[in-house]
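Asks: Sharing a structure with you now.
2 protein chains.
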Amino acid sequence: MRVAFQGEQGAYSEEAAYQHFPAVETVPRRTLREVFDSVAERGVDAGIVPVENSEAGSINQTYDLLLEYHHFLTITGETNLRVVHYLLGQPGTRLADVRRVYSHPQALAQCDAFLRKLEADQVPHYDTAGSAQMIAAERRTDAAAVASRRAAELYTLEILAEEIQTNPQNYTRFLVIQTDPVPRADPSKTSVVFGALHKPGALYNAMGALALRGINLTKLESRPARRAVWEYVFYVDIEGHSEDPKVADAITDLRAHCAWAIVLGAYPAGATP
Amino acid sequence: MRVAFQGEQGAYSEEAAYQHFPAVETVPRRTLREVFDSVAERGVDAGIVPVENSEAGSINQTYDLLLEYHHFLTITGETNLRVVHYLLGQPGTRLADVRRVYSHPQALAQCDAFLRKLEADQVPHYDTAGSAQMIAAERRTDAAAVASRRAAELYTLEILAEEIQTNPQNYTRFLVIQTDPVPRADPSKTSVVFGALHKPGALYNAMGALALRGINLTKLESRPARRAVWEYVFYVDIEGHSEDPKVADAITDLRAHCAWAIVLGAYPAGATP
């Protein structure tokens, strides 16, 4: 099975692929959009993309791409990865020499407390492992990268500090995307996106379609609708499978209470931390 | 009146300060946290911070800082700024020479369609105007910055392309933060953050405290609670002033239906686009 992920070898997304699939060949892609494209064009069997982190919050672009590609792709799984960050530098670099720290903005945000104490500039980079690779390639001794332990091994860097994430319980939730749905395996989750009507109480009434049936919401995220300024679309994750009569009824009712609703996928719920 | 903003001279936040205040002395700060600190320590009279963009969505860090600093600060105003992006380069640079484009990640996201067609690498930088300043200082001819027309003038750069934002109706909403509340001037808005109870229907019941009183919600944003993995806090903006009996009742009722609720400010509603 070939699975695309965003970033370089040693990225947390690649670790998530190894955690989720028993046997897998990982395929690096530079951007999240390229991961979605690779799956849609059937260049790979699946993609694995980060959707939220327990410290830094949602990965907005993933939400936008799930909607943009919903005609071609469906969510087929989720996995929660415990993310442990390390500060990596060229062998011989001392912590006091580090002037700039490179990493993905989400990783920098997750280590904000440590990095502020270090008093180094935080420089956003497109990938955690990619920033480690860059430090190694350019032989920088005034800079370091926030990345995984595996990135230290892959790019022969030294661990300058370990477990530097602000919250030791730092988890990233990843979604698996494929062109076709997978067989049902309960407990299931269903992800839905909908556009609220433009009238008072619209969101409350839409959520009533779920809540009044006792359907549990595990996540609610809003994103700009872009059709008009300060209008939003809402992403909800609910417990249950879209083929459950109760969930199917709720989605029908939701459609009656909002502008439109799209099921992004029904999939086996991942083990929770 | 001295008003702190994040970024360098020529940043959109500075433009927002000029739009919001009749007469103002702007004070640049490197990070959003430094803007909050400057206001809390009374080094300036106010701060102005971006909270959401109509294309790229919420500025997560602003939401987190509003909660973190709520003992010291209150929201006293909002302003919607139309954001027009320009691609800026050294005089003489041709569009075809541009290999890398620097800007704030939010600005890059707002120009994603144009930048993908340009086929240049998108490099995140801490500030729009700061990236223009950097292109000018380093005399780069293979790179460009996404920034304002005013940044072009300030840093003597050439406009390589204008109005490059994906959506011509591209607005950023800014909040004004101060140590003390301002006199009421209706129409007002009130911003509240609350922690939902950990049981099914909790968010729906909390929102009922507002919806069942006919109070209109103009924004709902979720952020990680960080206390526990996959728990959230919710930020709502509502129409009306926290001293309106109806709004005050609703907030009392909201407190009964959630773990905790904090009023982040009541302020005159800004003109909507």
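Line by line, the protein sequences are chains C and Y.
Per my numbering, residue 136 is the first one in the first sequence, and the count goes up by one each step.
Per my numbering, residue 136 is the first one in the second sequence, and the count goes up by one each step.
Where is the CB? At the ideal position from N, CA and C, for every residue including glycine.
These numbers come from a predicted model, not from an experiment.
1) Pull up the DSSP beta-bridge partners for Y:S238, would you.
2) Tell me which residues of the stretch 295-317 of chain Y have at least one Cβ-Cβ distance to chain C shorter than 7 Å, keeping chain order.
3) CA-CA distance, C:T228 and C:S266?
4) Tell me where the beta strand (DSSP E) around Y:L223 begins and ends.
5) Please check if any C-beta of chain C sits within less than 7 Å of the C-beta of Y:P259.
6) Report the residue from C:E187, C:L200, C:I194 whose alpha carbon sits nearest the alpha carbon of C:E169.
7) Can you tell me whether Y:E160 is buried or exposed, with buried defined as 16 or more other CB within 10 angstroms of its CB?
8) Return no unless some Cβ of chain Y is closer than 7 Å to the Cβ of C:S189.
9) Any idea if Y:M342 is buried or exposed, counting beta-carbon neighbours within 10 angstroms, 16 or more meaning buried?
10) Quick check on this structure: which residue in C:L253, C:R217, C:S326, C:E366 has the alpha carbon closest to the alpha carbon of C:P408?
11) Please report the distance separating the alpha-carbon of Y:H392 from that of Y:E366.
12) Please report whether the beta-carbon of Y:A406 lies at a distance below 7 Å from any beta-carbon of chain C.
13) Taking Cβ-Cβ distances shorter than 7 Å, what residues in chain Y pair up with C:T197?
14) I'd like to know whether the C-beta of C:S357 is nearer than 7 Å to at least one C-beta of chain Y.
15) What in chain Y is Cβ-close to C:A346, meaning under 7 Å?
16) Any contact between the stretch 221-241 of chain C and the stretch 340-355 of chain C? By contact I mean 3 or more CB pairs, one from each, below 8 Å.
17) Any beta carbon of chain C sitting closer than 7 Å to that of Y:M342?
18) Does the Cβ-Cβ distance between Y:A264 and Y:A286 come in under 7 Å?
19) Just to make sure I have the definition right: I need the residues of chain Y whose C-beta is within less than 7 Å of the C-beta of C:N211. Which are they?
20) For Y:G206 and Y:E187, what's the separation of their Cα atoms in angstroms?
21) Let's test the definition: count the other Cβ atoms within 10 Å of the Cβ of C:P380 and tell me whether it reaches 16, buried, or not, exposed.
22) Distance cutoff 7 Å, beta carbons only. Does C:V364 sit that close to anything in chain Y?
23) Could you tell me which chain C residues have their CB closer than 7 Å to the CB of Y:G349, listed as they occur along the chain?
24) Would you identify the three-state DSSP class for Y:D372, choosing helix, strand or coil?
25) Can you check whether the C-beta of Y:G142 is within less than 7 Å of a C-beta belonging to chain C?
26) Among the candidates C:M269, C:R235, C:A320, whose CA atom is the shortest distance from the CA of C:L289?
27) From which residue to which residue does the beta strand (DSSP E) around C:L208 run?
28) Opposite Y:S283 in the DSSP bridges: which residues?
29) Check whether the stretch 173-186 of chain C and the stretch 307-322 of chain C are in contact - that is, three or more C-beta pairs closer than 8 Å.
30) With a threshold of 8 Å, are at least 3 pairs of Cβ atoms found where one atom belongs to the stretch 233-243 of chain C and the other to the stretch 270-286 of chain C?
31) Any Cβ of chain Y within less than 7 Å of the Cβ of C:G182?
32) Tell me the residue span of the alpha helix (DSSP H) that contains Y:S173.
33) Going along the chain, which unbroken runs of the alpha helix (DSSP H) with 4 or more residues stay wholly within the stretch 303-355 of chain C?
34) Please identify the residue among C:R358, C:A363, C:I350, C:F369 whose C-alpha is closest to the C-alpha of C:S377.
35) Could you give the DSSP three-state label for C:L289: helix, strand or coil?
Replies: Reading off the structure:
1) Y:P259
2) N302, Q304, Y306
3) 16 Å
4) 221-224
5) yes
6) C:L200
7) exposed
8) yes
9) buried
10) C:R217
11) 16 Å
12) no
13) Result: empty, since nearest Cβ-Cβ is about 12 Å, beyond 7 Å.
14) yes
15) G336, Y339
16) no
17) yes
18) yes
19) At residue 211 of chain C the sequence reads Thr, which differs from the Asn that was named. What C:T211 touches in chain Y: nothing, since even the nearest Cβ is about 20 Å away.
20) For the record, residue 206 of chain Y in the displayed sequence is His; it is not Gly. In a straight line, the C-alpha of Y:H206 is about 23 Å away from that of Y:E187.
21) exposed
22) yes
23) P335
24) strand
25) no
26) C:M269
27) No beta strand (DSSP E) contains C:L208, which DSSP labels as neither H nor E.
28) The partner list for Y:S283 (beta bridge, DSSP) is empty, contrary to what the question assumes.
29) yes
30) yes
31) no
32) 167-175
33) 337-346
34) C:I350
35) helix
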